[in-house]
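Comments concern the structure below.
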Amino acid sequence: MKLRGKIEIVATLLMALVLSAGCQRRPLDEASDGLYLNLNLNLEVKNLDKGIAKPELMRVLFYDAESLEFVSDDYVLPDGGYINALPGKYKMVVYNFDTERTRIRGDRGVVEVEAYTNDIPNATRTNLLTKLRASTKADFVAPSSTERIVYEPDHFLVAREDVEILHRTGTQELHATASSIVESYYLGVSLQNSKYIASAQALLSGQAESNKFGFEGGMSKNSVILYFDMKAGVNEKYGTEVLQTTFNTFGKLPNEESRLWLTIVVTTTTGEIITWQDDITDKFVDNKDKYIYLEEDPNNPIVVPVPPPSSEGGGFQPEVDEWDTVYEDIII
108 MKLRGKIEIV ATLLMALVLS AGCQRRPLDE ASDGLYLNLN LNLEVKNLDK
158 GIAKPELMRV LFYDAESLEF VSDDYVLPDG GYINALPGKY KMVVYNFDTE
208 RTRIRGDRGV VEVEAYTNDI PNATRTNLLT KLRASTKADF VAPSSTERIV
258 YEPDHFLVAR EDVEILHRTG TQELHATASS IVESYYLGVS LQNSKYIASA
308 QALLSGQAES NKFGFEGGMS KNSVILYFDM KAGVNEKYGT EVLQTTFNTF
358 GKLPNEESRL WLTIVVTTTT GEIITWQDDI TDKFVDNKDK YIYLEEDPNN
408 PIVVPVPPPS SEGGGFQPEV DEWDTVYEDI II
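Quick note: the sequence shown uses the working numbering, first residue 108, plus one each step.
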């Protein structure tokens with residue numbers, strides 16, 4: 108055998124020896140050997156006949172049971188699925204990850220993790236306040252320049268569980284049920300001549316800014332004004348003309364005396380601005396059905412004026428005559 112051939116054989120044997128010493132044979136982990144979250148969603152909410160739409164994705168947060176600091180997170184489908192987490196004791200928090208208006212901050216600690224909504228744009232705020240200042244009564248309670256006006260939240264499903272993840276050879280199953288921390292209220296305000304309304308916006312004061320949802324009862328004590336749209340229609344229960352909507356809120360400020368002023372800004376079909384306000388605190392507090400219907404108040408009605416005949420076909424309701432047929436020769 109030539110020298111070159113001997114060298115190749117020795118090198119091959121040495122390589123095999125090194126590889127055999129540095130590697131171990133280990134079985135592949137199977138999908139069934141792991142941690143499975145069995146998740147149940149409570150999608151029923153008062154005043155939402157169809158309930159909450161099923162979310163697309165859920166986020167799972169694990170916080171150390173003693174330090175309450177963030178350890179890890181994972182994502183599952185709405186019914187649950189396999190997740191990864193090291194053995195230990197945790198506070199597990201699960202929430203839906205696909206909300207448009209409900210935002211999350213402070214997720215590095217279970218005490219700080221918080222759901223909130225953004226302020227309305229400056230242009231919208233300025234437009235609203237300008238309308239209010241231009242057409243309010245002497246006793247009107249207008250928002251101050253420092254009060255925040257925010258969007259209503261989307262429904263936000265949350266589950267909280269204290270869990271212990273074990274060293275395991277098979278599958279450990281965790282269970283959790285998520286329900287919304289957001290409330291839905293029906294609001295109807297009786298009025299006259301609803302067909303002449305082009306648009307209506309509402310402001311509701313005394314609402315909680317956010318919810319620190321890592322623990323139950325984490326509603327913020329900071330007050331904000333909630334902004335939402337209302338539509339003209341007929342109340343199904345009373346058969347009256349109303350401005351109505353179903354709005355969402357984190358709730359009234361907890362354990363504090365605060366007045367809930369409902370302010371409505373109506374733009375008529377002729378461009379006229381009508382403002383209306385009422386204190387609805389007594390109708391909001393302890394309202395188990397979350398159903399608020401404000402009957403017409405003879406001392407404070409919402410009356411939309413009937414536009415004069417000359418205003419018909421104005422900029423807000425343009426009219427177009429029937430098309431006339433015109434024949435033209437086209438030279439090619």
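The C-beta atom is built at its ideal place from N, Cα and C for all residues, glycine as well.
Predicted, not measured: the structure shown is a model, and the values here were computed from it.
Pop quiz: residue i and residue j are said to be a contact at Cβ under 8 Å. What is the actual Cβ separation, rounded to whole angstroms?
i, j, result
"Asn318", "Ile288", "5 Å"
"Arg215", "Glu176", "7 Å"
"Thr375", "Tyr293", "Actually they are not in contact, since the Cβ atoms of Thr375 and Tyr293 sit about 24 Å apart, beyond 8 Å."
"Ile272", "Tyr197", "7 Å"
"Val200", "Val218", "Not confirmed; about 11 Å, so no contact."
"Ile371", "Met337", "7 Å"
"Arg166", "Tyr202", "6 Å"
"Leu150", "Ile159", "4 Å"
"Gln299", "Val152", "Not a contact, Cβ separation roughly 32 Å."
"Leu148", "Gly295", "With 8 Å as the limit, Leu148 and Gly295 do not qualify as a contact, their Cβ atoms being about 29 Å apart."
"Asp180", "Leu168", "5 Å"
"Pro405", "Thr377", "Between Thr377 and Pro405 the Cβ distance is about 25 Å, and since that is not below 8 Å, they are no contact."
"Thr276", "Gly141", "Not confirmed; about 11 Å, so no contact."
"Arg210", "Asn225", "7 Å"
"Asp385", "Asn407", "6 Å"
What is the residue span of the alpha helix (DSSP H) that residue i lies within?
i, result
"Asp389", "Thr388 to Phe391"
"Ala192", "Ala192 -> no alpha helix (DSSP H), and no H or E assigned at all."
"Arg240", "Asn229 to Ser242"
Could you spell out where the beta strand (DSSP E) holding residue i opens and where it closes?
i, result
"Asn407", "Here Asn407 belongs to no beta strand (DSSP E), and DSSP marks it neither H nor E."
"Ala249", "Per DSSP, Ala249 belongs to no beta strand (DSSP E) and is neither H nor E."
"Asn300", "Taken as a continuous stretch (DSSP letters only), Asn300 belongs to no beta strand (DSSP E), as it is neither H nor E."
"Glu271", "Leu264 to Ile272"
"Thr284", "Gln279 to Ser287"
"Glu221", "Glu221 to Tyr223"
"Leu401", "Tyr398 to Leu401"
"Val257", "Ile256 to Tyr258"
"Arg445", "A question about residue 445 goes unanswered here, because the residues of the chain that appear run from 108 up to 439."
Is it the case that the Cβ atoms of residue i and residue j are separated by a distance below 9 Å?
i, j, result
"Ser297", "Val331", "no"
"Leu310", "Trp383", "no"
"Glu290", "Asn355", "yes"
"Leu333", "Gln314", "yes"
"Tyr170", "Gly324", "no"
"Ser312", "Arg267", "no"
"Ala339", "Asp269", "no"
"Tyr143", "Leu164", "no"
"Leu155", "Thr353", "yes"
"Phe335", "Ala222", "no"
"Lys359", "Val392", "yes"
"Ser327", "Val373", "no"
Under a CB-based cut-off of 9 Å, is residue i close to chain D?
i, result
"Lys153", "Going by chain labels, chain D is absent from the structure shown, which holds only one protein chain."
Three CB pairs or more closer than 8 Å across the stretch 396–415 and the stretch 275–284: no
Three-pair Cβ contact test at 8 Å for the stretch 219–237 versus the stretch 179–192: no
At least 3 beta-carbon pairs within less than 8 Å: the stretch 201–212 vs the stretch 254–264: yes
Contained beta strand (DSSP E) runs [length at least 3] in the stretch 304–373, N- to C-terminal order: 304–315, 330–341 and 348–356
Start-end ranges of the beta strand (DSSP E) lying completely within the stretch 140–180, minimum 3 residues: The qualifying runs are 142–148 and 165–171.
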